[in-house]
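Undergrad:
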Amino acid sequence: MHCFEQRRERLRSLLKSAEVDALLVTRFTNVTYLTGFKGEDSYLLLTRHGEVLLSDPRFTVQLEEECPGIEREIRRPGSPIVGSVVRAVLALGLRTLAIEAGSMTVEVFQKLNSELAAVTIQPKSGLVEQLREIKDKDEIDEIRRAVEIAERAFSVVKASLRPDFTEKQVADALEAQIRAFGGDCCSFWPIVAVGPRAALPHARPGGNRIEQSSFVLIDWGARGPSLYLSDLTRLVVTRKPPSRLEKIYEIVLAAQRSAIDAIRPGAIMEDIDAAARRVITEAGYGRRFSHSLGHGIGLEVHEQPRLAVDQKRPLKAGMVVTVEPGVYLPEWGGIRIEDDVLVTKDGCEVLSRCPKEFAQCFIG
Ligand code: ZN
Ligand code: ZN
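When you line the sequence shown up against the numbering used here, it's residues 885 to 1248, in that order.
#1: Between the alpha carbons of residue 913 and residue 1065, how many angstroms are there, rounded?
#2: Exposed or buried, residue 1223, counting other C-beta atoms within 10 Å across all chains shown (16 or more means buried)?
#3: Taking the runs of the beta strand (DSSP E) that are 3 residues or longer, which of them lie wholly in the stretch 1155 to 1217?
#4: Is there at least one non-hydrogen atom of ligand 2 closer than 7 Å to the beta-carbon of residue 1032?
#5: Based on DSSP bridge pairs, tell me the residues matched to residue 1222.
#6: Return the Cβ separation of residue 1211 and residue 1173 in integer angstroms, given the expectation that the two are a contact with Cβ distance under 8 Å.
#7: For residue 856, verify whether its CB is less than 7 Å away from any heavy atom of ligand 2.
#8: Give me the Cβ distance between residue 1200 and residue 1152, rounded to the nearest whole Å; I'm assuming they're in contact under 8 Å.
#9: With the cut-off set at 8 Å, would you say residue 955 and residue 934 are in Cβ contact?
#10: If you draw a straight line from the alpha carbon of residue 1216 to that of residue 1060, how long is it in whole angstroms?
#11: For the alpha helix (DSSP H) that contains residue 1145, what are its first and last residues?
#12: Could you tell me if residue 997 is buried or exposed, where buried requires 16 or more neighbouring beta carbons within 10 angstroms of its beta carbon?
#13: Run through DSSP, which three-state label would residue 1151 get?
#14: Please look up how many angstroms separate the CB atoms of residue 926 and residue 915, rounded, as I've assumed it's under 8 Å.
#15: Is residue 1042 buried or exposed, if buried means 16 or more other CB atoms sit within 10 Å of its CB?
#16: Looking at the structure shown, is residue 1003 part of a helix, part of a strand, or coil, going by DSSP?
Here's what the structure looks like:
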């Protein structure tokens, strides 16, 4: 069975246990996950026995290419998508309809409620997202590809880094190399932070030049051709750094290794966060690790699950998470090391291979 069909079958069994006739999938990444269709402005109405993709004439050819077997309803140009939903729900005689509470606008919700007065509309959260947590083989292959593209781009950019480059030029160069290696684009606008700017975990790349400090923090990722993403962070050292840099780097690296060692099916998510946090806290920088340890990655750069305090669920084989401890010292700088990790049947596999020993951070 094709992977998209399998995903829809799994969703159908969730509909059955939720006791609803159908789910209207309005989140475009969820539509992509369930059908392979990469366009926007289209909903999937999935019933217990079938499905129909509600789209518009701009996508007719693309739909044929990307999900040829799927029944579709193409609305007239300019007519609102809500009309398609109403027609399809009535034609199928649905009595209960689940909607995605996290994605539908209040406006659409109100329209559906007034035009489908005889239908019970039930907002639901996370039905498709819970499936997306566990990656199937095709998805793991796509994430591997996104990691590889990001790493190749990074090694070219790192090797050609010049002292007069600005943060923005480095970000632009990463984007260009990601495209050159077959990626669509960056998975998010890269964080390129020279020296003190690295104290901001989400610094925007600006006009600071590489030569203004002895180090630069780069957080980047690639979007592969099938829309799957990678998300990595490395430190680049451009000349003799203050001794404190190595000291903190080794703490962050030890924290990351301790977390990765703890990743296996059944391990509790918050315990993985705690494994890294313990190392940083014992070294005296606990308050400087100001974010959670990691997040799921796939079609979105931040998705379920989370490696964070209060996440009491167990990890499962097939999850892909980032592991990214950091230490941030205002006005001095920050260090984060981030890799993408697949939970396997008996432990885990670090998908990213970019060197990360302190000595390997140096250029030139
Ligand atoms: Zn990142
Ligand atoms: Zn991340």
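Where a beta carbon is used, it is the ideal one built from N, C-alpha and C, also for glycine.
TA: Based on what the coordinates show:
#1: Straight-line Cα distance between these residues: approximately 24 Å.
#2: buried
#3: 1178 to 1180, 1187 to 1191, 1204 to 1207, 1210 to 1213
#4: no
#5: DSSP links residue 1222 through a beta bridge to 1117.
#6: 6 Å
#7: A query on residue 856 cannot be resolved here, the shown segment of the chain reaching from 885 to 1248 and no further.
#8: Actually they are not in contact, since the Cβ atoms of residue 1200 and residue 1152 sit about 12 Å apart, beyond 8 Å.
#9: Yes; because the gap between Cβ atoms is below 8 Å, this pair is in contact.
#10: Rounded to whole angstroms, residue 1216 to residue 1060 spans 30 Å at the Cα level.
#11: Residues 1127 to 1146.
#12: exposed
#13: coil
#14: 6 Å
#15: buried
#16: coil
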